[in-house]
Amino acid sequence: MVRDFLERLKHSDKTAVVCGEHELAYRRWNHLSSKLCDESLKNVKGKLVGIFLPNGIAYVVSYFACLYANKVIVPFHTGSTMNELLYTINLCSLSTLVIQEESLKEVEVLIQENRIPMTIVVVNHDGTVCRVVEYFQALFHDEQYGDELQDVVVMLHTSGTTSKPKRVMLTNEGLQNNIKAHSESLNFTENEVCLIQLPMVFGYCNTAQFLTHVYLGARIVINPYPFMAADFFKLVDRWKITNFTVVPSILIALARCKKLSFDISSLRVICFGGSAIPENYLREMIEKYPTISYVQTYGLTEAGPRVTTLPPEYCKEKIGSVGCAIPGVEIKIVDDSGMSLPNGEKGEVIVKSKGMMKGYFRCYEETQAIIHNGWLHTGDLGYISEDNYLYIVGRKKNIIITGGQNVSPEEVEEVISSCNDVKDVKVYGISDDLLGEKVAADIVVVQKTESVIEQVKQECQNKLSKYKIPSEFQIVDTIARTYNGKVKRN
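In numbering that gives the first Met the number 0, the protein residues as written are 0 to 489.
Right under this line is the structure:
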């Protein structure tokens with residue numbers, strides 16, 4: 000089981016996690032997680048526990064405390080609005096939330112206003128318990144999940160293809176299969192020193208970085224601050240980082256940064272994925288830092304997440320490819336009827352593996368729509384070359400990928416449509432050199448006034464995470480729709 004990754008290292012004094020100036024040994028980590036489990040989480044009501052914490056030591060301690068307590072983890076990005084938090088609390092019937100003192104006041108207002116039965120476990124930055132507060136316990140209703148949560152470890156956020164976000168159920172078996180295949184594909188060992196910059200609540204980081212390196216008994220260095228290229232080189236030099244996983248916007252920032260006088264000879268591998276990277280920036284990185292191996296990856300949260308790896312020796316030769324399937328993963332290209340296509344022909348990418356999600360939590364129909372006969376339909380369009388390398392050429396679904404984060408246009412449209420002066424709206428992605436795509440919105444208004452865009456922006460800021468808010472708004476006369484009234488999308 001995933002909980003055993005830490006349990007088997009409980010006597011090790013090796014430094015497991017570094018965050019800022021703080022270090023945590025495996026022995027201490029196990030002690031803190033066990034203590035948090037026994038004192039605060041083991042006996043709380045409900046099967047699911049939300050973690051609303053930033054990247055850091057408190058997050059990793061709380062994560063394994065939940066596993067030790069046999070709870071299912073529901074992690075939240077700390078950039079989530081209270082509106083987004085409330086939606087998931089209701090979807091999952093969450094009755095326990097682990098937070099830090101800084102979030103308590105805002106979360107408390109949410110709970111009081113909506114009369115939510117909730118146990119709040121407030122933890123310090125070092126993972127020790129500060130206090131436990133209970134609300135409306137008399138209103139608690141014990142949910143019966145049947146077999147839906149059997150073997151489920153964590154439920155990760157995904158934008159999916161509909162207006163509301165969903166939770167992807169990943170199991171012990173699925174995570175272990177994906178972690179082992181990922182580490183084998185990159186020849187990772189216990190001597191790795193991994194630098195984490197991406198949010199730990201995302202599938203890419205949760206599995207391919209965080210849990211993979213605990214599984215290996217390696218070291219994790221967490222940068223709790225916004226990414227700055229100069230700070231990255233300092234961290235590599237100081238902690239002798241061996242591998243780093245990024246989205247294209249970070250790789251582009253590194254390519255644009257002038258070479259600095261730090262020792263980065265320890266850095267062997269940079270993995271990247273999440274969206275396409277312009278070839279010129281990748282070539283620039285290869286020329287600037289030729290001793291580093293650059294590994295293109297492909298995956299999605301629903302797949303566990305890792306699907307492919309492009310071996311670094313083919314990085315130049317097969318630039319544009321996302322590589323071949325990692326061990327245990329099958330890939331096919333199919334047409335709209337589900338028939339397999341031969342190599343070289345474009346169609347939808349579908350995948351099959353033991354690392355796939357169990358399904359979307361409480362979204363049976365949407366699970367059935369994406370998984371057919373054991374095959375996960377990714378919504379991505381691509382083809383497999385004659386020598387069996389996968390190339391992604393576009394998307395069948397509407398998702399916008401900005402800085403490696405998925406945005407559902409329908410979710411943003413729903414928020415903008417709630418404004419009184421908005422008659423119609425279309426949200427879409429536009430090309431951006433740094434982020435890959437930016438979010439933009441076309442709006443049909445009741446009456447053109449100077450304040451209407453400001454009203455829309457304010458509504459977005461109140462209800463959406465920052466990365467989902469359109470960076471460009473345009474007032475238009477009409478929004479093109481299909482014969483059955485759906486927004487026409489490119």
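Quick reminder that beta carbons are idealized off the backbone N, C-alpha and C, glycines included. As the structure is a computational prediction, the values presented were derived from the model and not from experiment.
Please report the Cβ distance between residue i and residue j, rounded to the nearest whole angstrom; I am assuming they are in contact, meaning their Cβ atoms lie under 8 Å.
i	j	result
SER407	SER158	4 Å
ILE110	PRO74	Between PRO74 and ILE110 the Cβ distance is about 19 Å, and since that is not below 8 Å, they are no contact.
ALA57	GLN99	6 Å
LYS232	PHE261	Before going on, a small fix: residue 232 reads as Phe here, not Lys. Sure, about 4 Å apart at Cβ, within 8 Å.
ILE291	LEU259	Actually they do not touch by this definition, with Cβ atoms about 15 Å apart.
ILE330	VAL348	7 Å
THR80	LYS462	6 Å
VAL455	ILE415	6 Å
LEU174	VAL152	6 Å
TYR297	GLY272	6 Å
TYR134	PRO116	7 Å
Is the separation between the beta-carbon of residue i and that of residue j shorter than 7 Å?
i	j	result
VAL421	ILE399	no
ILE391	VAL321	yes
VAL235	ILE263	yes
GLY55	VAL246	no
THR118	THR95	yes
LYS353	ASN242	no
LYS437	SER470	yes
ASP146	THR170	no
CYS270	THR307	no
THR249	LEU210	For the record, residue 249 in the displayed sequence is Ile; it is not Thr. No; because the gap between Cβ atoms is not below 7 Å, this pair is not in contact.
VAL411	LYS467	yes
SER274	GLY435	yes
ALA440	ILE429	no
CYS314	TYR293	yes
GLY378	THR366	no
ARG130	VAL121	yes
LEU148	VAL71	yes
For residue i, collect the residues of the same chain with a Cβ closer than 7 Å to its Cβ; drop the 5 residues on either side in sequence, then sort them by chain order.
i	result
TYR67	ARG2, SER32, SER33 and CYS36
LEU215	SER182, PHE187, THR188, GLU189 and GLU191
CYS18	GLY55, ILE56, ILE221 and PRO223
THR300	LEU155, THR157, VAL167 and GLY202
GLU38	VAL128
VAL445	ASP420 and LYS422
TRP238	VAL17, VAL192 and VAL220
VAL213	PHE4 and LEU5
For residue i, I'd like the list of residues in its chain whose CB is within less than 6 Å of its CB, leaving aside the five on either flank, ordered along the chain.
i	result
PHE63	LEU5 and SER32
GLU278	ILE318
LYS13	TYR25
ASN483	Confidence in ASN483 is poor, its pLDDT being 48 and thus under 50, which makes the residue's placement unreliable; the coordinate value appears in the next sentence. Within the same chain, ASN483 has no close Cβ partners at all.
ALA254	TYR280, GLU283 and MET284
LEU23	ALA15, VAL16 and ILE56
SER184	THR308 and ILE325
LYS163	none
CYS256	ALA228
TRP28	ALA15
Tell me which residue opens and which closes the alpha helix (DSSP H) that residue i is part of.
i	result
THR300	Run containing THR300: none; DSSP gives neither H nor E here.
GLU364	363-369
ASN176	171-184
THR211	211-215
VAL455	450-462
PRO247	247-255
Kindly indicate the opening and closing residues of the beta strand (DSSP E) around residue i.
i	result
CYS193	192-195
CYS270	268-271
CYS129	128-134
PHE472	471-474
LEU5	Where LEU5 is concerned, there is no enclosing beta strand (DSSP E), although the alpha helix (DSSP H) it sits in stretches over 3-6.
ILE221	218-221
LEU259	Here LEU259 belongs to no beta strand (DSSP E), and DSSP marks it neither H nor E.
Near residue i, what residues of its chain come up, given a Cβ to Cβ distance below 8 Å and the 5 sequence neighbours on each side ignored?
i	result
ASP432	ILE251 and PRO277
THR477	ASP423 and VAL443
SER92	GLY45, LEU47, HIS140 and GLU142
LYS345	ILE332, LEU380, GLY381, TYR382 and VAL392
ASN387	CYS323 and ASN342
LYS465	GLY78
GLY303	LEU169, GLY173, LEU174, ASN176, ASN177, GLY202, THR206, SER352, GLY354, MET355 and MET356
Hey, is residue i close to the ligand MN, as in C-beta under 6 Å from one of its heavy atoms?
i	result
PHE201	What this structure holds is no ligand at all, so the ligand MN is not there to describe.
### Message
Extract the residue ranges of the alpha helix (DSSP H) inside the stretch 19-55, only unbroken runs of 4 or more that lie entirely within it.
### Response
If only uninterrupted alpha helix (DSSP H) runs of at least 4 residues are considered, those enclosed by the stretch 19-55 are 25-35.
### Task
Note down, one range per segment and in chain order, each beta strand (DSSP E) of at least 3 residues found wholly within the stretch 77-105.
95-98
### Message
Please give the ranges of any beta strand (DSSP E) in the stretch 282-353, keeping only runs that are unbroken, at least 3 residues long and fully inside the region.
### Response
292-298, 305-309, 329-333 and 346-351
### alpha helix (DSSP H) runs wholly inside the stretch 357-435, at least 4 long, in chain order
363-369 and 408-416
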